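Asker: Questions regarding the structure given below will be posed in turn.
In my numbering, the protein residues as written are 113 to 534.
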């Protein structure tokens, strides 16, 4: 039988079976063994979640919850962590109602002990947001992410660097839900805050630039989706002196996205902590941008520079993954071609279509053949038309783009069977 040795912070070693019966056997403790503290037990249960022993971890966490309620109270702050274990395990098992109940109680206890606007509740609310997202309840997920920023905004001073993590989280969420201009306003504000307090070479400033560029790219190349647009209630932002920070959105101002990526390359070439990998990441983002906007001369120059940077110390794994075959940059096919009905009449169908594509040196699709349909559906014809608009990073040989033929491209999607009434 395989064992994993887990060292707790206090130096106590516990051997955990890497099999599903681990908890039952572990409970048969030697009477002479030292007592394990709640902290150590919680560490072990969190590790059990990593081993995918969800039911065992939930049961043990629930036992600890019962003990705390008997010895303390129903609002003891010590209940929060085991409640999170119950929530996380339930979520992994697909028991979302139980997960949300556990998270809600953990949040309530945290607020009672630390105040309504405590930062301590953030990790709980993030879990709630992720759960709502998995359920497809994007409106509730949006409310949760916006609430997180509201808490940060109330706890920290305006225009302070402590706001940056919540700015990035909410900006990323707005990008994911295609609220391009709301996201851009947050990333622009984050850029100004980071530059003022941390400087242009700080990771938060770099992070803001990447986020800013992503909004311009998304504005031009938004993948189709049946998901409804979520109305963003963008939080108010302020300068350090209390004046409102006003962001003016401009349509089709793609030059600013390109400028952000060029600035990223400049920063990576100049900053002291820069690495070949971080420089490559910035250059690759810029080169891919050039391909998307069909600026082929500029794209080839940057790709060639990346290729040359690996001449003396090759990284074959990176070069193979990045340049050997075409890499999708814009996929115009929707993963959810139709919205999920309120009431399922039958189980959703997981489907896929595989194409054989010829892709030219510009990364554009030249020819399309359908190879595999699993199963065939009414969406196939639309997909075949849409895939012609896909854009790829072309394959390279010796640093130069080449045409690729018979490239296999598989698209997975979900559709719903509607039963016709007689």
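Note that the Cβ used here is the ideal one computed from N, Cα and C, for glycine as well.
The structure presented is a predicted model; accordingly, all values stated were derived computationally and were not measured.
Residue range of the alpha helix (DSSP H) that residue 269 falls in?
Answerer: Position 157 of the chain shown, counted from the start, is the residue given in the question as residue 269. Counting along the chain, residue 269 falls outside any alpha helix (DSSP H), and DSSP gives it neither H nor E.
Asker: For residue 242, which residues in the same chain have their Cβ closer than 6 Å to its Cβ, ignoring the five residues on either side in sequence?
Answerer: Position 130 of the chain shown, counted from the first residue, corresponds to residue 242. For residue 242, where only same-chain residues beyond five positions count, there are no Cβ hits under 6 Å.
Asker: Quick one: which unbroken alpha helix (DSSP H) runs of 4-plus residues sit fully inside the segment 219-266? Chain order, please.
Answerer: Runs found: 234-247.
Asker: Taking just the CA atoms, how far does residue 297 sit from residue 238?
Answerer: Position 126 of the chain shown, counted from the start, is the residue given in the question as residue 238. Position 185 of the chain shown, counted from the start, is the residue given in the question as residue 297. One C-alpha to the other measures close to 22 Å.
Asker: Quick check on this structure: which residue in 415, 459, 353 and 403 has the alpha carbon closest to the alpha carbon of residue 393?
Answerer: Position 281 of the chain shown holds residue 393. The residue with the shortest Cα to Cα distance from residue 393 is 415.
Asker: Compute the distance between the beta-carbons of residue 502 and residue 405, then report whether it is under 8 Å.
Answerer: Here residue 502 refers to the residue found at position 390 of the chain shown. Here residue 405 refers to the residue found at position 293 of the chain shown. Their beta carbons are not under 8 Å apart, which means residue 502 does not touch residue 405 by this criterion.
Asker: Could you check where the beta strand (DSSP E) with residue 163 kicks off and where it finishes?
Answerer: Position 51 of the chain shown, counting from 1, holds the residue named residue 163. No beta strand (DSSP E) holds residue 163; DSSP gives it neither H nor E.
Asker: Enumerate in chain order the residues of its own chain whose CB-to-CB distance from residue 350 is below 8 Å, with the five nearest sequence positions on each side excluded.
Answerer: Taking the chain shown and counting its residues from 1, the one referred to as residue 350 is at position 238. 270, 271, 356 and 357, listed in sequence order.
Asker: Tell me, which residues are paired with residue 480 by DSSP?
Answerer: The residue labelled residue 480 in the question sits at position 368 within the chain shown. For residue 480, which the question treats as bridged, DSSP gives the partners 469.
Asker: Out of 159, 198 and 192, which has the shortest C-alpha to C-alpha gap to residue 173?
Answerer: As a first step, residue 173 must be located in the chain shown, where it is residue number 61. The shortest Cα separation from residue 173 among 159, 198 and 192 belongs to 198.
Asker: Buried or exposed for residue 219, please, with buried defined as at least 16 other CB atoms from any protein chain shown within 10 angstroms of its CB.
Answerer: In the chain shown, residue 219 corresponds to position 107, counting from 1. Its Cβ being crowded by 16 or more others within 10 Å, residue 219 is buried.
Asker: Mind listing, in chain order, the continuous alpha helix (DSSP H) runs of no fewer than 4 residues lying wholly within the segment 320-386?
Answerer: Complete alpha helix (DSSP H) runs here, min 4: 366-382.
Asker: Within 10 Å of its beta-carbon, does residue 233 have 16 or more other beta-carbons around it, so buried, or fewer, so exposed?
Answerer: Residue mapping note: residue 233 aligns to position 121 of the chain shown, counting from 1. Classification for residue 233: buried.
Asker: Look up residue 113 in the DSSP assignment and say whether it is helix, strand or coil.
Answerer: The residue labelled residue 113 in the question sits at position 1 within the chain shown. Reliability fails at residue 113, whose pLDDT of 40 lies under 50, so the model's placement of it is uncertain and the value that follows must be treated cautiously. Coil at residue 113, not helix or strand.
Asker: With DSSP run on the structure shown, which of helix, strand or coil describes residue 486?
Answerer: In the chain shown, counting from the first residue as 1, residue 486 sits at position 374. Three-state DSSP puts residue 486 in a strand.
Asker: Can you tell me which of the three DSSP states residue 528 falls into?
Answerer: Your numbering for residue 528 matches position 416 in the chain shown. Note: residue 528 maps to coil in three-state DSSP.
Asker: Nearest-angstrom Cα distance between residue 476 and residue 399?
Answerer: Here residue 476 corresponds to residue number 364 of the chain shown, with the count starting at 1. Here residue 399 corresponds to residue number 287 of the chain shown, with the count starting at 1. About 15 Å.
Asker: According to DSSP, is residue 474 helix, strand or coil?
Answerer: Position 362 of the chain shown, counted from the start, is the residue given in the question as residue 474. Residue 474 falls in the coil class under three-state DSSP.
Asker: Below 6 Å CB to CB, which residues in the same chain sit around residue 460 once its five sequence neighbours on both sides are set aside?
Answerer: Working through the chain shown from its first residue, we reach residue 460 at position 348. Excluding residues within five positions, the ones whose Cβ falls inside 6 Å are 526 and 528.
Asker: Measuring straight from C-alpha to C-alpha, what distance separates residue 322 and residue 397?
Answerer: Within the chain shown, the letter at position 210 stands for residue 322. Within the chain shown, the letter at position 285 stands for residue 397. Rounded to the nearest angstrom, the two C-alpha atoms are 9 Å apart.
Asker: What separation, rounded to the nearest whole angstrom, lies between the Cα atoms of residue 184 and residue 222?
Answerer: Position 72 of the chain shown, counting from 1, holds the residue named residue 184. Position 110 of the chain shown, counting from 1, holds the residue named residue 222. Cα-Cα distance, rounded: 15 Å.
Asker: Let's test the definition: count the other Cβ atoms within 10 Å of the Cβ of residue 146 and tell me whether it reaches 16, buried, or not, exposed.
Answerer: Position 34 of the chain shown, counted from the start, is the residue given in the question as residue 146. Legend: pLDDT at residue 146 = 41, less than 50; position of this residue unreliable, value from coordinates given subsequently. Per the 10 Å Cβ criterion, exposed.
Asker: Helix, strand or coil: how does DSSP classify residue 277 here?
Answerer: As a position in the chain shown, residue 277 is number 165, starting the count at 1. In this structure, residue 277 counts as helix in the three-state DSSP scheme.
Asker: Specify the secondary structure class of residue 512 as computed by DSSP and reduced to three states.
Answerer: The residue given as residue 512 occupies position 400 in the chain shown. Note: residue 512 maps to strand in three-state DSSP.
Asker: What separation, rounded to the nearest whole angstrom, lies between the Cα atoms of residue 499 and residue 445?
Answerer: To locate residue 499, count along the chain shown from 1; it is residue 387. To locate residue 445, count along the chain shown from 1; it is residue 333. Cα-Cα distance, rounded: 7 Å.
Asker: Between the alpha carbons of residue 153 and residue 205, how many angstroms are there, rounded?
Answerer: The count along the chain shown starts at 1 and reaches residue 153 at position 41. The count along the chain shown starts at 1 and reaches residue 205 at position 93. Straight-line Cα distance between these residues: approximately 21 Å.
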